[in-house]
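Visitor: Here you go, one structure.
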Amino acid sequence: MSDSEEESPDRQIKLVVLGDGTSGKGVLLVYDITNYQSFENLEDWYNMVKKANEESEIQPLVALVGNKIDLEHMRTVKTDKHQRFCQENGFSSHFVSAKTGDSVFLCFQRITADILGIKLNKAEMEQSQRVVKADIVNYSQEPVARTVNPPRSSMCAIQ
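Going by our numbering, the first residue of the sequence shown is number 67, and it counts up by one from there.
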């Protein structure tokens, strides 16, 4: 199966299997939150995962990952639609930005903990969240003097 989006633009989704292909413990269905078609392809991809594991005694943990949260303003797949799909299929839910790295570590940390049956506490989850730092600029509070334009006349004199 090709990994190139140019070869099959109608199948724009990434499928990540954790572990080797025959005994994967986790599957990440990754779609683009700005591309509704990629979300619609999830059902087909999940069916492929189920088919590949139908003879296995233990089913892999499946996580739904919405990518490109840095482009929230261009979102076409609503969060509630994502959550509903997770609930209907028993998936864990994650949102990340591969471009900025936002929540990527937390996503893998949570999935790994779920696979191993470890409960993460709040401090462990917050530790992986990036802290946004910004300088505070203290602008002068003195009123700015405005230049007053002299009143204009509606008459024009040409000499």
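We treat Cβ as the ideally placed atom computed from N, Cα and C, and that holds for glycine.
What does DSSP give as the partner residue(s) for Asp98 in the beta ladder?
Guide: Counted from its first residue, the sequence shown places residue 98 at position 32. Asp98 pairs with Asn133.
Visitor: Rounded to whole angstroms, what is the Cα-Cα separation between Asn119 and Glu192?
Guide: Translated into positions along the sequence shown, residue 119 becomes position 53. Translated into positions along the sequence shown, residue 192 becomes position 126. Rounded to whole angstroms, Asn119 to Glu192 spans 34 angstroms at the Cα level.
Visitor: Determine the closest residue to Ile99 out of Val93, Gly92 and Leu108, with distance taken between C-alpha atoms.
Guide: Position 33 of the sequence shown holds residue 99. When each option's Cα is compared against that of Ile99, the closest is Leu108.
Visitor: Nearest by alpha-carbon distance to Ala129: which of Ser104, Ser158, Glu123 and Glu121 is it?
Guide: Numbered from 1 along the sequence shown, position 63 holds the residue referred to as residue 129. Comparing Cα-Cα distances from Ala129 to each of Ser104, Ser158, Glu123 and Glu121, the minimum goes to Ser158.
Visitor: Since I believe Phe151 is in contact with Ile135 (beta carbons under 8 angstroms), could you give me their beta-carbon distance rounded to a whole number of angstroms?
Guide: Within the sequence shown, the letter at position 69 stands for residue 135. Within the sequence shown, the letter at position 85 stands for residue 151. The Cβ separation is near 17 angstroms, so there is no contact.
Visitor: Leu94: buried (16+ other C-beta within 10 angstroms of its C-beta) or exposed?
Guide: The residue labelled residue 94 in the question sits at position 28 within the sequence shown. Buried is the call here.
Visitor: From which residue to which residue does the beta strand (DSSP E) around Phe171 run?
Guide: Counting from one through the sequence shown, the residue named residue 171 turns up at place 105. Taken as a continuous stretch (DSSP letters only), Phe171 belongs to no beta strand (DSSP E), being part of the alpha helix (DSSP H) at Val170 to Leu182.
Visitor: Please state the DSSP three-state secondary structure of Phe157.
Guide: Along the sequence shown, read from residue 1 onward, the residue named residue 157 stands at position 91. Residue state, collapsed to three classes: coil.
Visitor: Tell me whether Ser104 is buried or exposed, calling it buried when 16 or more other Cβ atoms sit within 10 Å of its Cβ.
Guide: Here residue 104 corresponds to residue number 38 of the sequence shown, with the count starting at 1. Answer is buried; the Cβ neighbour count reaches 16.
Visitor: Quick check on the DSSP output: the alpha helix (DSSP H) that includes Glu192 runs from which residue to which?
Guide: As a working note, residue 192 is residue 126 in the sequence shown. Per DSSP, Glu192 belongs to the alpha helix (DSSP H) from Lys188 to Gln193.
Visitor: Have a look at Cys173 and Gly156 and give me their C-alpha separation to the nearest angstrom.
Guide: Taking the sequence shown and counting its residues from 1, the one referred to as residue 173 is at position 107. Taking the sequence shown and counting its residues from 1, the one referred to as residue 156 is at position 90. The alpha-carbon atoms of Cys173 and Gly156 are separated by roughly 16 angstroms.
Visitor: Among the candidates Glu208, Gln207, Lys91 and Gly132, whose CA atom is the shortest distance from the CA of Ala164?
Guide: As a first step, residue 164 must be located in the sequence shown, where it is residue number 98. It is Gly132.
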